[in-house]
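Novice: Take 7 as the starting number for the sequence shown in my numbering and just add one per residue.
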Amino acid sequence: MTFVLIVHLAAIAASLILGRRLGRKVLLLGALAPLSALVWALTISSDVLGGNPLVISLEWVEGLDLGLDFRVDAFALLMVTIISAIGVLVFVYGARYFRPRSDLGGFDATLIGFAGAMVGLVIADNVLVLFVFWELTSITSYLLIGFEDRSATARAAALRALLVTGLGGLAMMAGLVMIAQEADSYLLSEILASAPTSTKTVAGLLLVLVGAFSKSAQFPFHFWLPGAMAAPTPVSAYLHSATMVKAGVYLIARLAPVFGPLIAVWRPTIMAVGVMTMILGGWRALGEKDLKLVLAMGTVSQLGFLTVLVGFGHPALTFAGVILLLAHAMFKAALFMVVGILDRQTGTRQIGELDGWGRRMPMLWWVAMITGASMAGVPPLLGFLGKEEALRGLLEAPDATPAFIGVIVGSIVTVAYTLHFFKGSRSGDQTEAVTSAPRLSLSVVAPTLLLAILTLLAGVAPFFVDGLLGGASQSLDSATADSHLALWHGLEPALGWSLLILGAGAFVWWAPTDKIRPVTSQIPEATQIYSGVLRYVNRIADLVTSVVQSGSLPVYLQIILATAVIIPGFSIVRYWAPDLGQELVDTPLRIVVVVVMALAAIGVSVARRRIGAVLFLGAIGYGVAVLFVLHGAPDLALTQLLVETLSLAMFVMVLRHLPERWQVVRWKMGQTNRLVISVAVALMMGGLALWAAESRVAPSLSDDYVELAQPEGGGRNVVNVILTDFRGFDTMGEITVITLAAIGCIVLLGRTRRRSVKEEES
7 MTFVLIVHLA AIAASLILGR RLGRKVLLLG ALAPLSALVW ALTISSDVLG GNPLVISLEW
67 VEGLDLGLDF RVDAFALLMV TIISAIGVLV FVYGARYFRP RSDLGGFDAT LIGFAGAMVG
127 LVIADNVLVL FVFWELTSIT SYLLIGFEDR SATARAAALR ALLVTGLGGL AMMAGLVMIA
187 QEADSYLLSE ILASAPTSTK TVAGLLLVLV GAFSKSAQFP FHFWLPGAMA APTPVSAYLH
247 SATMVKAGVY LIARLAPVFG PLIAVWRPTI MAVGVMTMIL GGWRALGEKD LKLVLAMGTV
307 SQLGFLTVLV GFGHPALTFA GVILLLAHAM FKAALFMVVG ILDRQTGTRQ IGELDGWGRR
367 MPMLWWVAMI TGASMAGVPP LLGFLGKEEA LRGLLEAPDA TPAFIGVIVG SIVTVAYTLH
427 FFKGSRSGDQ TEAVTSAPRL SLSVVAPTLL LAILTLLAGV APFFVDGLLG GASQSLDSAT
487 ADSHLALWHG LEPALGWSLL ILGAGAFVWW APTDKIRPVT SQIPEATQIY SGVLRYVNRI
547 ADLVTSVVQS GSLPVYLQII LATAVIIPGF SIVRYWAPDL GQELVDTPLR IVVVVVMALA
607 AIGVSVARRR IGAVLFLGAI GYGVAVLFVL HGAPDLALTQ LLVETLSLAM FVMVLRHLPE
667 RWQVVRWKMG QTNRLVISVA VALMMGGLAL WAAESRVAPS LSDDYVELAQ PEGGGRNVVN
727 VILTDFRGFD TMGEITVITL AAIGCIVLLG RTRRRSVKEE ES
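1. Any idea if Lys-206 is buried or exposed, counting beta-carbon neighbours within 10 angstroms, 16 or more meaning buried?
2. Just reading off the alpha helix (DSSP H) that Glu-188 is part of, what are its end residues?
3. Would you grab the beta carbon distance between Leu-193 and Asp-131 for me? Rounded to a whole angstrom, and I think it's under 8 Å.
4. Among His-637, Ser-684, Ala-547, whose alpha-carbon lies nearest the alpha-carbon of Thr-569?
5. Is Ser-191 near Ala-167, with beta carbons less than 8 Å apart?
6. Please report how far the alpha carbon of Leu-315 lies from the alpha carbon of Leu-215, in whole angstroms.
7. Assign Leu-707 to buried or exposed, taking buried as 16 or more other Cβ atoms, counted over all protein chains shown, within 10 Å of its Cβ.
8. Who pairs with Arg-77 in a beta bridge, going by DSSP?
9. Using DSSP with H/G/I as helix, E/B as strand and the rest coil, what is Asp-435?
10. Between the Cα of Pro-665 and the Cα atoms of Thr-454, Arg-614, Ser-481, which residue gives the shortest distance?
11. Measuring CB atoms only, is the region 366-378 touching the region 341-355, in the sense that at least three cross pairs come out at less than 8 Å?
12. Using a Cβ-Cβ cut-off of 6 Å (strictly less than) and excluding sequence neighbours within five positions of Val-658, which residues of its own chain qualify?
13. With a 10 Å radius around its C-beta and 16 neighbouring C-beta atoms as the bar for buried, classify Ala-704 as buried or exposed.
14. Which residues share a DSSP beta bridge with Val-67?
15. Among all the DSSP beta bridges, which residues are the ones paired with Asp-296?
16. Decide if Gly-756 is buried, meaning its Cβ has at least 16 other Cβ atoms within 10 Å, or exposed.
17. CA-CA distance, Leu-689 and Val-682?
18. Within 10 angstroms of its Cβ, does Leu-348 collect 16 or more other Cβ (buried), or is it exposed?
19. Assuming contact is defined by CB atoms lying nearer than 8 Å, are Thr-742 and Leu-729 in contact in what I supplied?
20. Once you ignore the five residues that flank Gly-36 on each side, which residues in its own chain have a CB closer than 7 Å to its CB?
21. Scan the region 292-345 and note each continuous alpha helix (DSSP H) run of 4 residues or more that stays entirely inside, going in chain order.
22. By Cβ distance, which residues of its chain are closer than 6 Å to Ala-532, with the 5 residues on each side in sequence left out?
23. Is DSSP giving Arg-722 helix, strand or coil here?
24. Would you say Val-128 and Val-86 are within 8 Å of each other, going by their C-beta atoms?
25. Determine the direct distance from the alpha carbon of Gly-477 to that of Leu-55, and round the result to whole angstroms.
26. Given that a residue counts as buried once 16 or more other Cβ atoms are within 10 Å of its Cβ, and exposed if not, what is Ser-417?
27. If you drop the 5 nearest sequence neighbours on each side, which residues of the same chain put their C-beta closer than 6 Å to that of Glu-402?
28. Cα separation between Ala-218 and Val-264?
29. Does DSSP classify Leu-245 as helix, strand or coil?
30. Consult DSSP for Leu-193 and reduce its assignment to one of helix, strand or coil.
31. As an exercise, report each continuous alpha helix (DSSP H) stretch of at least 4 residues that is fully enclosed by the region 195-220, in chain order.
32. Is the Cβ-Cβ distance between Ala-836 and Val-635 less than 8 Å?
33. Return the Cβ separation of Met-282 and Val-413 in integer angstroms, given the expectation that the two are a contact with Cβ distance under 8 Å.
34. First and last residue of the alpha helix (DSSP H) that includes Pro-404?
35. What's the gap between the Cα of Val-328 and the Cα of Ser-157?
If you want it as C-alpha cells, here you go:
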C-alpha cells in the first residue's frame, strides 16, 4: 500500500517536471502508477480471495478517533484490478492518441491523481476517508473534462459535472454521517455489521443514494455524462465508462445486501431510478449520430442496469451485477478507444461520414465487433454470461417483476443502439474521410485488442475469472457462495429471454423509430431543466450579492454581527438554563465602573459629533483598565491605559480630516436594525460569558499558570510569564502581525508623501 502511494506521488511529480521534455511519452511514465496498483493487487490476491481481507489502519487524530482505515476484500480487489488494469491500457493508448503538445505533463499528473483517488475510494473503510477520495475524483474529473480549456463547451461540461457530482457528494456525506452516528461507528464494515434501521438511518440512506445516483449518472442526474464527452477520449475511456461512474454503483453494491431487505423504500427506489435510467439512456443512444455520444448514452443505460442488479439486494442479482461490472469496464473502455482511433484517423465521429470504415480498418472493426457484441449480450462473450445471470436472478427474486420488465425493454434497446453503432461500417461506399485515413499500426490498436481478447476469453473460458468474480460477490453477500460463472446452464427461461432480446433488438433497430422521436423530443430534457435552475440560482445569487455586498461598511458590520448572533443563539436558547443564583460581582465598586462604561457606550451611539463619540469610546477603554486594577492586574491596566491613550491620539489626528458631525441616518428602519442588532450582540456576549462560567467541568488552567510561573517560567509576574513563555508562540505571532501592519502603513505613507511631492513640483 505504501509502495503504491509513493509510486503515484513520484509519478505525479515526474510528470510535472518532465512533461515538456517527454511530450506524449510522459503518459507511458504515468502508466507506472496504475501498474504499481495492479502489481500490488496481484500480490495480495491469494490471501484476499482466500477469505482474509487486508486491513490497514493508520491513526490520524487520536482525540477524534479519526484514522485512515482501509479494508481490501475480494470486491475491493476486483475494483482495484479494474481501475489499475484499465488504467495501464488507457495511459498506453493515450501515448499514441495525443499529438505532441506541451501541456500533457499536467494532464498526465491529473490522470494519475484520479487513478490514485479511485483506488483509495474503493479500499476506504472509514466513510469520511471514502468521502475525501470521492470528492478528489470529482475534482480531478473536472480538470480532465476541461482539459481543452479554450473550448467553451469543455468548460461548461466540466462545470456541469462538478456541480452535479459535487452537490451529490455533499448529500452523500450528510447521509454517511447520519448512518455512522446511528451505528456508533464510522467504519463501513462495522456499519454493515450493525445494520441500523432507524428513521434517521433511512433518511441517511436516501441521501447516500442521491450522491451515488449523481456520481453514476442516474436519472435525473444523467445529463452531465454526455456533456463530459468534451474530454479527450482517454478520459472518456477511463473515467466515464470504466471507473469514476462506477463509484456510485460500488457504494450501492456495498449497502444493498444489508439494507435492501431491511429498508422498505430501498428496492422501489433502486428499481424506479435504475430502470428509468436504463431505458432513457438506451433510447437516447439509439438516436445519436455521434459515435462517442452513442457510447455515452449507452453508458448511462448500462449504469442503470448495474444499479438495478447490485442495488436490489438479492444474491443472484448481486452475482450478476459483479459479472457485468467487469464486462462493462472491458467492452466500454475498448469501444471508447475505438471511437478515439476513428476520430484521430478520419477526423470525424459522425456515423453518416464513416461508411465503410470496417473495410478500411478491419482489425479495429473486429475489436469493436467483439466488444460491441458483449455489450449487446451475444454469446459466448462475458456480457452474455452476465446478462443471462441477471435474467435468471430477476426471475427468482421476489417482487422483481417491474425490474424484470424494465430490464427486458432496456436490453432490447441496448441491442438496437449497438447495431446503430455499426451502421454502415462494412456496407456502402467508403466516404472520403475513411478513404483518406492512414493505415493503422498494431501499437495503436493493441490496448483495444487486448480488451477484446480478454472479453472473449472470459466468456469462452469463464473459469479464468470465476474465482475473482465469485469471491467479489461473496464478500458482498455470503449467500452467493454457491454461485459460479458458466457458459452453459442448459435450456432454461433465461436463455430463451436472452435470444428473444437479441431478435427484438434487431427489429427495433430496423424499425422506423425516427417517426416516434418528434413526440418524445417534446419532453423537456434534463439539460434544459439544469440550465433553467442554474439561471435562476445565478439570479438569486446576484440579488443576494447586491444586498450583502452593497459597498456600505455599516451594512457589512450588521450582516456579520447578525450572523454571529443568530447561529449560536439557537444553541443558547435551546440548551442553556441560566443559573440565576450565580454571583456576578464581588465588590460594589465594580458595579459602579460597569455602569459608567455602559453609559459611555450609550454615549458613543447617541453622540452627534465624532470627537464626542471618540471620547466616550476612550472612557470605555479606561473603564476596562480600572477593572483590571480591581482584579489585581496592574500591569495589564498599565498596558490598557497606554493603548487607549495612543488610540485616542490617533483618532484625534484622523478626525482632523473628517467632517465634524456624523451623517444622520434618515431611514428609521436602519436605525431600528442597528438598535436591535446592538442589543442582541450585547445579550449574546453576556450570555456566552455566563454560559462559559457555568459550563466549566475541569479545573481552571489559570491555577496551573500560577503554580508553574516561578519553577517553569522563572518569573513572578504571571502575566509576563504567560506572554513570554507559556504562550510565547502566540505572542510572537501577534508581534509579527503588528510588524507587518506597521510596514504596510510605512509603505502607504511613503507613497502618499512621494505623490504629494510630485504634485507640488508639477
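Built from N, CA and C at the ideal position, the CB exists for glycine as well. Since the structure is predicted, the reported quantities are computational estimates derived from the model, not experimental observations.
Specialist: According to the structure shown:
1. The sequence position of residue 206 within the sequence shown is 200, counting from 1. Label assigned to Lys-206: exposed.
2. For the purposes of this step, residue 188 is taken as residue 182 along the sequence shown, with counting starting at 1. It spans 158-189 - the alpha helix (DSSP H) in which Glu-188 sits, taken as one unbroken run.
3. Sequence index remark: in the sequence shown, residue 193 carries index 187 (1-based). Sequence index remark: in the sequence shown, residue 131 carries index 125 (1-based). Contact annotation, Leu-193 with Asp-131: C-beta distance approximately 5 Å; criterion of less than 8 Å satisfied.
4. To locate residue 569, count along the sequence shown from 1; it is residue 563. Thr-569 has its Cα closest to that of Ser-684, out of His-637, Ser-684, Ala-547.
5. Along the sequence shown, one-based indexing puts residue 191 at 185. Along the sequence shown, one-based indexing puts residue 167 at 161. No; because the gap between Cβ atoms is not below 8 Å, this pair is not in contact.
6. Start at 1 with the first residue of the sequence shown, and residue 315 comes out as number 309. Start at 1 with the first residue of the sequence shown, and residue 215 comes out as number 209. Taking the Cα positions, Leu-315 is about 15 Å away from Leu-215.
7. Here residue 707 refers to the residue found at position 701 when the sequence shown is read from its first residue. So Leu-707 ends up on the exposed side.
8. Here residue 77 refers to the residue found at position 71 of the sequence shown. DSSP output for Arg-77 lists Val-61 as bridge partner(s).
9. Taking the first residue of the sequence shown as 1, we reach residue 435 at position 429. Looking at Asp-435 - three-state DSSP - the assignment turns out to be coil, as it is neither helix nor strand.
10. Within the sequence shown, residue 665 is the residue found at index 659, counting from 1. Comparing Cα-Cα distances from Pro-665 to each of Thr-454, Arg-614, Ser-481, the minimum goes to Arg-614.
11. They touch, by the three-pair rule.
12. Residue 658 sits at position 652 when you count from the first residue of the sequence shown. For Val-658, where only same-chain residues beyond five positions count, there are no Cβ hits under 6 Å.
13. Within the sequence shown, the letter at position 698 stands for residue 704. So Ala-704 counts as exposed.
14. The residue given as residue 67 occupies position 61 in the sequence shown. Per DSSP, Leu-72.
15. Stepping through the sequence shown from its first residue, residue 296 is reached at position 290. Gln-356, per the DSSP bridge assignment.
16. Start at 1 with the first residue of the sequence shown, and residue 756 comes out as number 750. With fewer than 16 neighbouring CB atoms inside 10 Å of its own CB, Gly-756 falls in the exposed class.
17. Here residue 689 refers to the residue found at position 683 when the sequence shown is read from its first residue. Here residue 682 refers to the residue found at position 676 when the sequence shown is read from its first residue. If you draw a straight line from the Cα of Leu-689 to the Cα of Val-682, it comes to about 11 Å.
18. Looking up residue 348 in the sequence shown gives position 342. Leu-348 comes out buried.
19. Numbered from its first residue, the sequence shown carries residue 742 at position 736. Numbered from its first residue, the sequence shown carries residue 729 at position 723. Contact: no.
20. Stepping through the sequence shown from its first residue, residue 36 is reached at position 30. Excluding positions up to five away in sequence, the list reads Ala-17, Ser-21, Phe-97, Asp-114, Leu-117, Ile-118.
21. If one requires a minimum length of 4 residues, the alpha helix (DSSP H) runs lying completely within the region 292-345 are 297-318, in chain order.
22. Translated into the one-based positions of the sequence shown, residue 532 becomes position 526. Correct list, in chain order: Pro-226, Phe-229.
23. Numbered from 1 along the sequence shown, position 716 holds the residue referred to as residue 722. If DSSP states are grouped into helix, strand and coil, Arg-722 belongs with coil.
24. Taking the first residue of the sequence shown as position 1, residue 128 is located at position 122. Taking the first residue of the sequence shown as position 1, residue 86 is located at position 80. Yes, these two residues count as a Cβ contact at 8 Å.
25. On the sequence shown, position 49 is the one that residue 55 refers to. On the sequence shown, position 471 is the one that residue 477 refers to. Taking the straight line joining both Cα atoms gives about 6 Å.
26. Position 411 of the sequence shown holds residue 417. Ser-417 should be labelled buried.
27. In the sequence shown, the residue the question calls residue 402 occupies position 396. Short of 6 Å from the beta carbon of Glu-402, and not among the five residues preceding or following it, lie these beta carbons of its own chain, in chain order: Ala-322.
28. On the sequence shown, position 212 is the one that residue 218 refers to. On the sequence shown, position 258 is the one that residue 264 refers to. Val-264 has its alpha-carbon roughly 17 Å from the corresponding atom of Ala-218.
29. Position 239 of the sequence shown holds residue 245. The answer is coil: DSSP assigns Leu-245 none of H, G, I, E or B.
30. Position 187 of the sequence shown, counted from the first residue, corresponds to residue 193. In the structure shown, Leu-193 sits in a strand (DSSP, three-state: E or B).
31. Counting whole runs of 4 or more residues, the region 195-220 contains no alpha helix (DSSP H) stretch at all.
32. The chain is shown from 7 up to 768; residue 836 falls before or after that span and cannot be answered.
33. As a working mapping, residue 282 is identified with position 276 in the sequence shown. As a working mapping, residue 413 is identified with position 407 in the sequence shown. Rounded to the nearest angstrom, the Cβ distance from Met-282 to Val-413 is 12 Å, too far for a contact under 8 Å.
34. Mapped onto the sequence shown, residue 404 falls at position 398. Premise fails: Pro-404 is in no alpha helix (DSSP H) and is neither H nor E.
35. As a working mapping, residue 328 is identified with position 322 in the sequence shown. As a working mapping, residue 157 is identified with position 151 in the sequence shown. Cα-Cα distance, rounded: 38 Å.
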